[in-house]
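Residue numbers (UniProt numbering), protein chains in the order written: chain B, 1 to 222; chain A, 1 to 222.
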């Protein structure tokens with residue numbers, strides 16, 4: 001039986017983008033199924049009844065949710081172009097830092113843009129900045145795992161693409177070449193990687209979309 | 001070189017307990033280093049500078065934090081008595097459910113006991129109940145992975161031991177043999193597993209400790 005590989009997603013989600021980068025990097029053919037989150041498909045509800053969210057990766061009708069879990073699965077099944085280091089200790093560090101990025105950077109930085117509670121927004125900006133400082137110190141090479149592109153870099157796509165987008169929406173210079181020199185350089189290397197370059201969505205429509213969401217939230221909360 | 005294995009922990013932490021169960025299950029000899037979280041040791045600050053929390057697992061001076069990450073490392077390095085399924089899809093599901101337990105059960109249920117905000121407490125109780133219902137439906141066999149004890153069971157030690165403890169503190173019957181029949185039966189199987197039985201801390205001192213924390217928080221918030 002030929003492999004049937006599907007990805008349920010939306011354009012503009014950093015979590016979906018992680019999976020797309022891994023699939024592209026490994027040269028895996030797949031069908032992208034565009035979801036409408038305002039009107040979720042029966043397929044999405046069937047494949048991800050717990051969270052009803054994208055991405056959902058479906059391999060021969062077996063669904064997996066949670067982008068970091070999907071990346072591990074893809075790397076275990078398709079062995080070419082590994083995204084995980086082979087050494088167990090470095091694998092553990094890669095898992096640790098990816099979780100750190102989700103817990104300490106993605107979650108608070110999202111709140112720092114979209115929360116309508118001013119105190120929560122300020123607290124989230126401080127938390128994001130502190131976590132970015134920790135990550136800046138962790139970055140020792142061209143990519144997180146060394147000279148080769150890997151799991152932590154893919155998890156960090158949010159920092160390279162979405163943080164600059166979001167800070168332009170709220171008109172704030174949180175993440176720049178001046179205050180996060182190493183991370184900023186990494187983000188340029190990462191976005192210019194041939195695999196990533198091909199996958200990233202166009203910036204302008206996403207900027208308009210997220211700006212609309214932001215402006216809507218903030219005007220209706222007044 | 002002989003392996004040097006250390007675990008920095010405190011008695012009564014469900015996260016430390018996860019690591020202890022895995023180590024016991026695999027018969028790994030290690031040194032337990034008791035930490036005092038009110039006065040953190042230099043060793044803890046050195047080994048876990050990011051979170052400054054336990055557990056920290058140290059293998060030949062290489063430290064790893066985050067209990068679920070530690071379990072993966074242990075299973076990759078010590079191959080006997082595997083706690084992960086060998087099939088990549090079942091591995092992905094095990095990772096998915098363990099993350100679900102942390103995000104949707106541990107975090108809200110902790111708030112439902114210790115939060116001093118009444119609205120937040122009520123919301124957290126509802127969230128925990130909903131997540132336990134999802135997990136109840138997921139449980140199809142003696143253990144989460146089938147007839148054999150594994151990763152998800154170990155991650156769920158919090159449900160078997162800490163939830164009953166916490167609900168007695170707040171005098172609430174959230175998790176019982178009546179309302180979560182399958183999960184409750186699982187919790188008894190799990191706590192009676194020879195490995196787990198040997199590891200679980202005595203209940204009474206922990207009850208007193210957590211009740212003290214709870215009463216203190218709630219009296220000082222009034």
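Even glycine gets a Cβ: it sits at the ideal position worked out from N, Cα and C.
- Residue 170 of chain A and residue 187 of chain A do not touch by the CB rule: their CB atoms are close to 18 Å apart, not below 8 Å.
- Within chain B, the residues whose beta carbon sits less than 7 Å from that of residue 65 of chain A are 96, listed in sequence order.
- Between the stretch 83-98 of chain B and the stretch 140-150 of chain B there are three or more inter-stretch CB-CB distances shorter than 8 Å, so the stretches are counted as touching.
- A direct Cα-to-Cα measurement between residue 133 of chain B and residue 180 of chain B gives close to 7 Å.
- In this model, residue 120 of chain B and residue 161 of chain A are separated by some 34 Å (Cα to Cα).
- Exposed is the label assigned to residue 209 of chain B, since fewer than 16 other Cβ atoms lie within 10 Å of its Cβ.
- If the five residues before and after residue 58 of chain A are omitted, its C-beta is found closer than 8 Å to the C-beta atoms of 4, 5, 6, 7, 8, 47, 64, all from its own chain and listed in chain order.
- The C-alpha of residue 144 of chain B lies about 15 Å from the C-alpha of residue 192 of chain B.
- Two segments are said to touch when three or more pairs of C-beta atoms, one from each, lie closer than 8 Å; by this definition the stretch 36-52 of chain A does not touch the stretch 201-217 of chain B.
- Taking each of A:91, A:115, A:122, A:130 in turn and checking the Cα distance to residue 104 of chain A, the smallest one comes out for A:130.
- At a cut-off of 8 Å, the C-beta of residue 198 of chain A has no neighbouring C-beta in chain B.
- Not flagged as an interface residue toward chain A: residue 83 of chain B, since no C-beta distance is shorter than 8 Å.
- Secondary structure in the stretch 139-190 of chain A: the alpha helix (DSSP H) runs of 4 residues or longer, each lying completely within the stretch, are 151-155, 163-170 in chain order.
- At a cut-off of 8 Å between C-beta atoms, residue 2 of chain A does not count as an interface residue with respect to chain B.
- Residue pairing by DSSP places residue 9 of chain B opposite B:34 in a beta bridge.
- Interface annotation for the stretch 105-136 of chain B against chain A: 134, criterion Cβ-Cβ distance under 8 Å.
- Using a 10 angstroms sphere on the CB of residue 66 of chain B, the tally of other CB atoms reaches 16 or more, which defines it as buried.
- Within chain A, the residues 59, 62, 64, 73 have their CB atoms less than 8 Å from the CB of residue 89 of chain B, given in chain order.
- Distances from the alpha-carbon of residue 2 of chain B to those of B:61, B:20, B:45 put B:61 closest.
- When Cβ-Cβ separations below 8 Å define contact, residue 156 of chain B makes no contact with chain A.
- For the C-beta of residue 140 of chain B, not a single chain A residue is nearer than 9 Å; the gap to the nearest is close to 15 Å.
- With a cut-off of 8 Å on Cβ pairs, the stretch 68-78 of chain A is in contact with the stretch 91-102 of chain B, counting three or more such pairs.
- Residue environment analysis places residue 219 of chain A among the exposed positions, since fewer than 16 neighbouring C-beta atoms fall within 10 angstroms of its C-beta.
- DSSP lists B:59 as the beta-bridge partner residues of residue 62 of chain B.
- For residue 6 of chain A, the nearest beta carbon of chain B is not closer than 8 Å to its own beta carbon.
- Nearest to residue 18 of chain B by C-alpha distance, out of B:216, B:198, B:213, is B:198.
- CA-CA distance, residue 212 of chain A to residue 114 of chain A, rounds to 11 Å.
- Think of a sphere of 7 Å around the beta carbon of residue 53 of chain A: no beta carbon from chain B falls inside it, the nearest being about 12 Å out.
- In this structure, residue 25 of chain B and residue 176 of chain B do not form a Cβ contact; the two beta carbons are roughly 28 Å apart against a cut-off of 8 Å.
- Proximity of chain A to residue 29 of chain B at the Cβ level (cut-off 9 Å) is not reached, the minimal Cβ distance being about 19 Å.
- Residue 144 of chain B has a beta carbon lying at 8 Å or more from every beta carbon in chain A.
- Counting along the chain, residue 15 of chain B sits inside the alpha helix (DSSP H) bounded by residues 14-26.
- Spatial neighbours of residue 98 of chain B in its own chain (CB-CB distance under 7 Å, excluding positions within 5 residues in sequence) are listed in chain order as 68, 151, 152, 155.
- When secondary structure is reduced to three states using DSSP, residue 88 of chain B falls in the helix class.
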